[in-house]
Amino acid sequence: MGSDFKAIPLIDIGPLVEKIDDPAMAADEGLLDVIRMLDDACKDAGFFYVKGHGIPESLLTEVRDVTRKFFHLPHEEKLKIKMTPQSGYRGYQRVGENVTKGKPDMHEAIDCYTPIEPGKYGALAKPMEGSNLWPDHPPNFDALLENYISLLRDLSRKIMRGIALALGAPLDAFEGGMAGDPFWVLRLIGYPVSADIPQEQRTDTGCGSHTDYGLLTLVNQDDDVCALEVRNLSGEWIYAKPIPGTFVCNIGDMLKVWSNGIYQPTLHRVVNNSPRYRVSVAFFYESNFDAAVEPVEFCREKTGGVAKYEKVVYGEHLVQKVLTNFVM
Ligand SMILES: N=C(N)NCCCC[C@H](N)C(=O)O
Ligand SMILES: O=C(O)CCC(=O)C(=O)O
Ligand SMILES: [Fe+2]
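Counting from 0, one number per residue, gives the positions in the sequence shown under numbering that gives the first Met the number 0.
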């Protein structure tokens, strides 16, 4: 993020979704426009909405609706998929269990991650090994979500191709060793109405200010609650107000390192001051778990020749966050 933006741009990525895998795309005016808009958005707000993404609005709604149904189940039922260190930090966390900058967040969530087989990345991934805990209720939850994940993975791959071109990188810069085997994270999140949280455990934030950890985030948020806020350079909080049928996208820490800061992630937070329970479903498209990410040469050259960030192994960054994010 590098500007005093007052609003988050909306990009119709239809031409990108349709043409980005087509060898003849280089001359497509519609696609070139999208790439310019992505470049501006990544430089200014670090956030943008996408429409024309090809995922039916009915699926976006259905995914939020099953999430809402789950959070409205009795606590004992939700605890059947409780997140613990033994579950690889996968599963359900109650309100206040997630902590940001030392303060409990007023949200409940189910965390899902790319399954990791024991030993796959050696000691690096040990704390997160395992497969996901899916609830029995509502029925079909896992099939619905697995289909959703597969669609969002493909959409994210295409948007990252667009971002590669926007940066002036090769089309496949975020494939192969960088993100050819992208690690994904899915967070199904519920933000209760403040008055419904016992006073002694209540804080004023649904999710404290943070940047996301990987490459690209796609948020599917409720249509009727305005709660996600994005910080501009002057420190003003700008609402990412709901626009039905869109995803709110933002860039993450790995893109900052790789681009040597040409694209920077933006601080954001969630405050639900509304009289409604808010649901959002965030999909995080990340590097390969074992990718060692460092400023790439052509981005260094564009930014004065010196690397501004040290090399980071994505999986180490993630595990360090996951191990410190919870009080259980
Ligand atoms: N995978 C992602 N990005 N999750 C975002 C959660 C942000 C809050 C977390 N407690 C933190 O402090 O990072
Ligand atoms: O709930 C939202 O709108 C955003 C959540 C978020 O920023 C996150 O989980 O990283
Ligand atoms: Fe976030």
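Where a beta carbon is used, it is the ideal one built from N, C-alpha and C, also for glycine.
As a quick exercise: from the options, pick the residue whose alpha carbon is nearest that of residue i.
i: Arg-230; options: Ser-155, Glu-285 and Gly-207; result: Gly-207
i: Lys-240; options: Glu-296, Asp-223 and Pro-117; result: Asp-223
i: Val-270; options: Asp-289, Ala-306, Leu-215 and Ile-237; result: Ile-237
i: Asp-107; options: Arg-93, Leu-31, Glu-300 and His-267; result: Here residue 107 is Glu; the residue named in the question, Asp, does not match the sequence. Comparing Cα positions, the closest option is Arg-93.
i: Asp-141; options: Asp-195, Leu-187 and Met-177; result: Leu-187
i: Thr-60; options: His-267, His-316 and Gly-244; result: Gly-244
i: Cys-111; options: Leu-185, Met-253 and Gly-205; result: Leu-185
i: Asp-252; options: Glu-285, Met-327 and Leu-151; result: Glu-285
i: Gln-85; options: Lys-68, Lys-125, Leu-266 and Val-49; result: Lys-125
i: Met-105; options: Arg-67, His-316, Asp-203 and Gly-161; result: Asp-203
i: Gly-213; options: Asn-139, Lys-68 and Val-256; result: Val-256
i: Val-62; options: Thr-99, Asn-146 and Asp-32; result: Asn-146
i: Ala-35; options: Arg-160, Met-327, Phe-70 and Lys-68; result: Here the sequence assigns Arg to residue 35, which means Ala is not the residue at that position. When each option's Cα is compared against that of Arg-35, the closest is Arg-160.
i: Arg-339; options: Asp-153, Lys-100 and Phe-69; result: No statement about residue 339 is possible, as the shown extent of the chain runs from 0 to 327 and does not include it.
i: Ser-273; options: Ser-193, Pro-134 and Asp-289; result: Ser-193
i: Asn-287; options: Gly-189, Gly-304, Gln-198 and Glu-174; result: Glu-174
i: Leu-215; options: Leu-9, Cys-248 and Lys-77; result: Cys-248
i: Arg-277; options: Ala-172, Thr-66 and Asn-139; result: Thr-66
i: Cys-41; options: Glu-75, Leu-72 and Phe-4; result: Phe-4
i: Lys-77; options: Pro-294, Asn-97, Leu-132 and Asp-180; result: Leu-132
What's the gap between the Cα of residue i and the Cα of residue j?
i: Tyr-313; j: Met-127; result: 13 Å
i: Ala-291; j: Val-318; result: 14 Å
i: Tyr-88; j: Pro-169; result: 35 Å
i: Ala-281; j: Asp-43; result: 22 Å
i: Tyr-91; j: Ile-80; result: 6 Å
i: Val-16; j: Pro-22; result: 13 Å
i: Met-24; j: Lys-18; result: 6 Å
i: Ile-109; j: Asp-195; result: 20 Å
i: Ile-115; j: Gly-29; result: 39 Å
i: Ser-57; j: Lys-301; result: 43 Å
i: Pro-137; j: Glu-296; result: 49 Å
i: Ser-149; j: Phe-182; result: 12 Å
i: Gly-53; j: Ala-306; result: 38 Å
i: Thr-265; j: Gly-118; result: 34 Å
i: Glu-293; j: Leu-254; result: 10 Å
i: Ser-130; j: Gln-200; result: 31 Å
i: Gln-198; j: Gly-205; result: 14 Å
i: Leu-72; j: Asp-135; result: 11 Å
Using the DSSP secondary-structure output, state which residues sit across from residue i in a beta bridge.
i: Cys-248; result: Phe-47 and Leu-217
i: Leu-9; result: Tyr-48
i: Cys-111; result: Leu-185
i: Arg-230; result: Trp-236
i: Arg-277; result: Tyr-190
i: Ala-291; result: Val-312
i: Phe-283; result: Val-184 and Thr-216
i: Tyr-91; result: Lys-81 and Ile-109
i: Asn-97; result: Phe-325
i: Arg-268; result: Glu-228
i: Pro-103; result: Val-98
i: Cys-298; result: For Cys-298, which the question treats as bridged, DSSP gives no partner whatsoever.
i: Gly-129; result: Ile-115
i: His-136; result: None, per the DSSP bridge assignment.
Tell me whether residue i counts as near ligand 2, meaning its Cβ is closer than 8 Å to at least one heavy atom of that ligand.
i: Ile-148; result: no
i: Tyr-190; result: yes
i: Thr-66; result: no
i: His-267; result: yes
i: Ser-279; result: yes
i: Leu-227; result: yes
i: Thr-216; result: yes
i: Arg-186; result: yes
Would you mind giving the Cβ-Cβ distance between residue i and residue j, rounded to the nearest angstrom? I have them listed as a contact below 8 Å.
i: Phe-283; j: Asp-221; result: Their Cβ separation, rounded to whole angstroms, is 19 Å, which puts Phe-283 and Asp-221 out of contact at 8 Å.
i: Cys-298; j: Ile-261; result: 6 Å
i: Leu-232; j: Ser-2; result: 6 Å
i: Gly-51; j: Ile-7; result: With 8 Å as the limit, Gly-51 and Ile-7 do not qualify as a contact, their Cβ atoms being about 16 Å apart.
i: Leu-217; j: Ser-155; result: 6 Å
i: Ile-250; j: Gly-45; result: 5 Å
i: Val-33; j: Pro-14; result: 5 Å
i: Glu-315; j: Leu-123; result: 6 Å
If you measure from the CB of residue i, is any heavy atom of ligand 1 nearer than 8 Å?
i: Phe-329; result: No answer is possible for residue 329: it lies beyond the span of the chain, which begins at 0 and ends at 327.
i: Thr-204; result: no
i: His-136; result: no
i: Gly-303; result: no
i: Thr-113; result: no
i: Asp-20; result: no
i: Asp-104; result: yes
i: Asn-324; result: yes
i: Gly-90; result: no
i: Val-98; result: yes
i: Lys-255; result: no
Going by the C-beta, is residue i closer than 8 Å to any heavy atom of ligand 3?
i: Asp-211; result: yes
i: Asn-249; result: yes
i: Thr-83; result: no
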